[in-house]
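Residues 1 to 793 in the UniProt record's numbering are what the sequence shown spells out, letter by letter.
The beta carbon of each residue, even a glycine, is placed where N, CA and C say it ideally should be.
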Amino acid sequence: MNLCPESTDLDFIYADTDEHANEIAELYSYTEEPEFFLQKSAFEFSMQLYGLPDKWTAMTDAQKEQAVFRLLDTIDVSVRSSRKPAVRAVLYLVQGCFGECSVLETQAQFTRANVFFLYKYGMFQAFVQLLNMEIENSSASTSALRKPAVCLSDSIDLRIILNVLYTFVEVMRVPMDTDNEDMKQVREVFQKEIALPLFGEDLLAHTLFNMVTRFCSGSAPHFPIKKILLLLWKTILVSLGGTEELKNLKSQYRAEANLPPVPDETIEVTKTMRAASPPASAADLIEAQQQRKNNRPFKRQQSLVKQSSMDDSLAYQDLEGDRDTVQDDEMRYIEDHQTVEDEYRPPTPRPSSPLPNSLSDNANIIQNKGLPWVPKVRTKEIDNFLDHTRMKFVGFQLQNDQTSVAGLPLPIHEGLKVLKQHMYISLAEVQTKREDEISKLPLSKKEEYIPQTSVEILYHSILPSLPQYMIALLKILLAAAPTSKAKTESINIMADVLPEEMPMTVITSLKLGIDVNRHKEIIVKAISGIILLLLKHLKINHIYQFEYMSQQLMFANCIPLVLKFFNQNIMSYVGAKNTISVIDFPVCVIGEQPELTEETLEMGDQLPYCWRNLFSCINLLRLLNKLTKWKHSRIMMLVVFKSAPILKRALKVKHAMMQLYVLKLLKMQTKYLGRQWRKSNMKTMTAIYQKVRHRLNDDWAYGNDLDARPWDFQAEEFALQASINRFHNRRYDRSGTQYTDPEYQAVDNNVLSALGREIELTGDFKYHYESWVTREVFQLQTDWDQLLNSQYL
Numbered sequence: 001m002n003l004c005p006e007s008t009d010l011d012f013i014y015a016d017t018d019e020h021a022n023e024i025a026e027l028y029s030y031t032e033e034p035e036f037f038l039q040k041s042a043f044e045f046s047m048q049l050y051g052l053p054d055k056w057t058a059m060t061d062a063q064k065e066q067a068v069f070r071l072l073d074t075i076d077v078s079v080r081s082s083r084k085p086a087v088r089a090v091l092y093l094v095q096g097c098f099g100e101c102s103v104l105e106t107q108a109q110f111t112r113a114n115v116f117f118l119y120k121y122g123m124f125q126a127f128v129q130l131l132n133m134e135i136e137n138s139s140a141s142t143s144a145l146r147k148p149a150v151c152l153s154d155s156i157d158l159r160i161i162l163n164v165l166y167t168f169v170e171v172m173r174v175p176m177d178t179d180n181e182d183m184k185q186v187r188e189v190f191q192k193e194i195a196l197p198l199f200g201e202d203l204l205a206h207t208l209f210n211m212v213t214r215f216c217s218g219s220a221p222h223f224p225i226k227k228i229l230l231l232l233w234k235t236i237l238v239s240l241g242g243t244e245e246l247k248n249l250k251s252q253y254r255a256e257a258n259l260p261p262v263p264d265e266t267i268e269v270t271k272t273m274r275a276a277s278p279p280a281s282a283a284d285l286i287e288a289q290q291q292r293k294n295n296r297p298f299k300r301q302q303s304l305v306k307q308s309s310m311d312d313s314l315a316y317q318d319l320e321g322d323r324d325t326v327q328d329d330e331m332r333y334i335e336d337h338q339t340v341e342d343e344y345r346p347p348t349p350r351p352s353s354p355l356p357n358s359l360s361d362n363a364n365i366i367q368n369k370g371l372p373w374v375p376k377v378r379t380k381e382i383d384n385f386l387d388h389t390r391m392k393f394v395g396f397q398l399q400n401d402q403t404s405v406a407g408l409p410l411p412i413h414e415g416l417k418v419l420k421q422h423m424y425i426s427l428a429e430v431q432t433k434r435e436d437e438i439s440k441l442p443l444s445k446k447e448e449y450i451p452q453t454s455v456e457i458l459y460h461s462i463l464p465s466l467p468q469y470m471i472a473l474l475k476i477l478l479a480a481a482p483t484s485k486a487k488t489e490s491i492n493i494m495a496d497v498l499p500e501e502m503p504m505t506v507i508t509s510l511k512l513g514i515d516v517n518r519h520k521e522i523i524v525k526a527i528s529g530i531i532l533l534l535l536k537h538l539k540i541n542h543i544y545q546f547e548y549m550s551q552q553l554m555f556a557n558c559i560p561l562v563l564k565f566f567n568q569n570i571m572s573y574v575g576a577k578n579t580i581s582v583i584d585f586p587v588c589v590i591g592e593q594p595e596l597t598e599e600t601l602e603m604g605d606q607l608p609y610c611w612r613n614l615f616s617c618i619n620l621l622r623l624l625n626k627l628t629k630w631k632h633s634r635i636m637m638l639v640v641f642k643s644a645p646i647l648k649r650a651l652k653v654k655h656a657m658m659q660l661y662v663l664k665l666l667k668m669q670t671k672y673l674g675r676q677w678r679k680s681n682m683k684t685m686t687a688i689y690q691k692v693r694h695r696l697n698d699d700w701a702y703g704n705d706l707d708a709r710p711w712d713f714q715a716e717e718f719a720l721q722a723s724i725n726r727f728h729n730r731r732y733d734r735s736g737t738q739y740t741d742p743e744y745q746a747v748d749n750n751v752l753s754a755l756g757r758e759i760e761l762t763g764d765f766k767y768h769y770e771s772w773v774t775r776e777v778f779q780l781q782t783d784w785d786q787l788l789n790s791q792y793l
């Protein structure tokens, strides 16, 4: 069933995250609903134990402060049974004291106020320490390993802690207009603190990456993987920054490198673009043609068929002859071309002469001829252009010379001028050139000071285990993909959604089925957000950090995995209805609850698309683009895995940004698909021309690329890997700590420091020490006067 309407564009707005309420609701599975009131009972029990009112809203400020201190003291106790009620009580507070609210707005206000209040007293740091302690809970791991099937009850302690931490991060992440100055300062402190190690421990993001790895290795099957991934994603988003921060960082780094600003931003431009019509299948074309035959008069149909083989100018002359019906006939003519002939040849240009007044309603459409992007040219492309033209007209080449045009004809001068006007130098080119200079001249081109930004600190932390982290994320992504079949040896990602007792009624079975599908969708959303966010930040910070992560993803078969994900009914996936709004948190705990029926469960969300699924699809397409851009060997992987028909099906989704990244992937591989494919997919080729940025020297539509030599593909990847290794060997040691290569350090000539340095002698030297002293000291005659005199010569 086609759930996404093809007549209009989807009103989906791509952003870093969904609405705050939806992000909070997705943290909890529907099987966790009975646990909410356990938090309320634990809070009331703890307050009565402390001799305080059992309602948070009934307390004075002094009593609230006293309650927080008592909760912190109880959380620190070693006995699990004693601290568990206190942990649940804190969760109840960050959940907005829902038991004391009658409307959702009040609960949201209480949540925000309580999160900021608790953070000022160190509750977030206390729960980070509690998480580290719970991770090492060997009894929980042993119990889960012994059970044949891990379920919701095995992860209860970890889930409570992760719920508290996630709520802290998500609430602090979102600024509100109602925040006062004190709250704004607290947010700034939180964003700085979460990007640094707490109490000498690892970064929170590093700790969560380790949890993901342990879960995939099978040593901790009870870990609630969905909550871990969501917290990891939001932690990276808060500590590194989202779209706006990336834009500001890019502008800052380009200014520091004396580069002009970026001419346009992809996300901003695509907001003004409309989605292209999806490529029609043969059956659709035949059906549309048959309908036109049945609905049109035979005489007029014959005239239009005759015009379809003519020049467009003749067609417009014929339309001008019949002013009364010109508008209807023109629209039919355009429709006929778009649905039938565009699949086989691109539309011919519109006539330059003005159209009749009767077509004024369509004037805006016809006059909109401009392309949405500013064309770009790389420095390498200008060099190749000059090398080719000089060899053709002069007979020799000039390396690294873009100014000399002697002997070249005037049209070449004009072409070079146009190319230079659109030349775009990326940060990656500047960083790569700098690395090449350091590699060639390590003594004169020394490493500059490296600012310890949040990205750099995170990269230091995860570098030693980055390949294992990427493999773990892709394993979970494979298990959560809709096209994956359940296997006994695959990892169990359903441990934190399946109840202890399986449902016995139809309603509970339907509810669990929706919950399982929703659980997988949220996992895909979180993983796609994590990988894409890391790649974008690393690419700005340093190109070789980005390339290293990209290579690890490629080695872990990320490209075929993403293609496998899209090899499904993408329209059904984008329009999936795996959400039950009436039992989302906090709706399920505030006010009178409706009775669940089959109609209620099947109704789902009323939007024509699922936000998280469309967000995941765009993220994965952007990921593919980042992995394959300018990499011939990886583009060939797209060709080998027959990605073209898979990607073409994704064009059916009527959203401009998603179609843009699909068309980019198709554009980069058209030269390898052969002439027959291009001839049979002219509508797709036209869409690429209209929607994707132009590279002035890129003959993607013809396949005459001189760089596309298959025997160079492997060498390309090896050369990149060698550059990455040189970068790591110079900048980091194996533990990920930044350092300077000892080979390029200055020699220590200070006698005190040289002789005072502790040196561990080898066992062999100690054994032969006496013979060495006899030979090198006692038996050796040294003229010290001559030695001292020669020192001053």
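Cutoff 7 angstroms; reference methionine 554; Cβ partners in own chain excluding five residues on either side:
Leu627 and Arg634
Using the Cα positions of glutamine 327 and aspartate 9, report the straight-line distance between them to the nearest angstrom.
Note that glutamine 327 scores 40 on pLDDT, short of 50, meaning its location in the model is unreliable and no value can be drawn from it.
Does the stretch 188-208 touch the stretch 450-465, meaning 3 or more C-beta pairs lie closer than 8 angstroms?
yes
Given this structure, state the Cα-to-Cα distance separating leucine 533 from leucine 237, to the nearest angstrom.
7 angstroms
Threonine 670 versus threonine 684: straight-line alpha-carbon distance, rounded:
Computed Cα separation, rounded: 10 angstroms.
Please classify asparagine 114 as buried or exposed, where buried requires at least 16 neighbouring CB atoms within 10 angstroms.
buried
Using only the alpha-carbon positions, how far apart do threonine 17 and valine 77 sit?
37 angstroms
From leucine 473 to asparagine 578, what distance separates their C-alpha atoms?
Cα to Cα, the separation comes out at about 23 angstroms.
Could you tell me which whole alpha helix (DSSP H) segments of length 4 or greater appear in the stretch 140-182?
156-173
DSSP state of methionine 423, grouped into three classes?
strand
For residue 797, which three-state DSSP category applies?
Because the chain is modelled from 1 through 793, residue 797 falls outside the range shown and cannot be assessed.
Which residue's Cα is closest to the Cα of proline 586: Glu32, Ala15, Leu663 and Ile13?
Glu32
The ligand FMN heavy atom lying under 7 angstroms from the CB of isoleucine 724:
This structure does not include the ligand FMN; it has no bound ligands of any sort.
Less than 8 angstroms between the CB atoms is what I'm expecting for isoleucine 724 and tyrosine 548, so what's the real figure, rounded?
About 5 angstroms separates the two Cβ atoms, so the contact holds.
Length at least 4, wholly inside the stretch 570-599: the alpha helix (DSSP H) runs in chain order:
570-574
Give every residue of the same chain whose Cβ lies closer than 6 angstroms to the Cβ of serine 528, excluding the five residues on either side of it in the sequence, and list them in chain order.
Ser616, Asn619 and Leu620
What does DSSP give as the partner residue(s) for valine 377 in the beta ladder?
For valine 377, the beta-bridge partners assigned by DSSP are Met423.
Is the stretch 487-501 in contact with the stretch 25-45, if contact means three or more CB pairs nearer than 8 angstroms?
yes
Going by the DSSP bridge assignment, what does arginine 612 pair with across the sheet?
According to DSSP, arginine 612 bridges with nothing at all.
Mapping DSSP to helix, strand and coil, what is arginine 695?
Of the three classes helix, strand and coil, the one that applies to arginine 695 here is strand, per DSSP.
State the Cα-Cα distance for the pair isoleucine 540 and asparagine 248, rounded to the nearest angstrom.
11 angstroms
Suppose the cutoff is 8 angstroms on Cβ atoms and the five residues either side in sequence are ignored; what does the same chain contact list for threonine 272 look like?
Pro372
Take the Cβ of proline 411 as the centre, count every other Cβ of all protein chains shown within 10 Å, and call the residue buried at 16 or more, exposed below.
exposed
With DSSP run on the structure shown, which of helix, strand or coil describes asparagine 264?
Looking at the sequence itself, residue 264 is aspartate, so the reference to asparagine does not match. It is coil, neither helix nor strand.
In angstroms, rounded to a whole number, what distance separates the CA positions of cysteine 216 and asparagine 517?
Pairing cysteine 216 with asparagine 517, the inter-Cα distance amounts to about 20 angstroms.
Can you tell me which of Leu162, Trp56 and Ile523 puts its alpha carbon nearest to the alpha carbon of isoleucine 493?
Ile523
Mapping the DSSP letters down to three states, classify tyrosine 769 as helix, strand or coil.
The three-state secondary structure of tyrosine 769, taken from DSSP, is helix.
Taking one C-beta from the stretch 221-240 and one from the stretch 182-198 each time, how about it: are there three or more such pairs within less than 8 angstroms?
Because the criterion of three Cβ pairs below 8 angstroms is met, the stretch 221-240 and the stretch 182-198 touch.
Helix or strand or just coil, what does DSSP make of lysine 629?
coil
Are the beta-carbon atoms belonging to lysine 667 and valine 692 less than 8 angstroms from one another?
yes
Do you know whose CA, among Val169, Phe36, Glu134 and Phe116, lies nearest leucine 230's CA?
Val169
Do the stretch 432-452 and the stretch 171-190 touch if we need at least three Cβ pairs shorter than 8 angstroms?
Contact annotation: the stretch 432-452 does not touch the stretch 171-190, with fewer than three C-beta pairs closer than 8 angstroms.
Would you please state the rounded distance, in angstroms, between the beta carbons of isoleucine 160 and arginine 88? I believe it to be under 8 angstroms.
6 angstroms
Assigned exposure category for tyrosine 50 - 16 Cβ within 10 Å defines buried:
buried
Using the Cβ count rule (16 or more neighbours within 10 Å means buried), how would you classify proline 13?
Residue 13 is actually isoleucine in this sequence, not proline. Classified as exposed, isoleucine 13 has fewer than 16 neighbouring CB atoms from the shown chains inside 10 Å of its CB.
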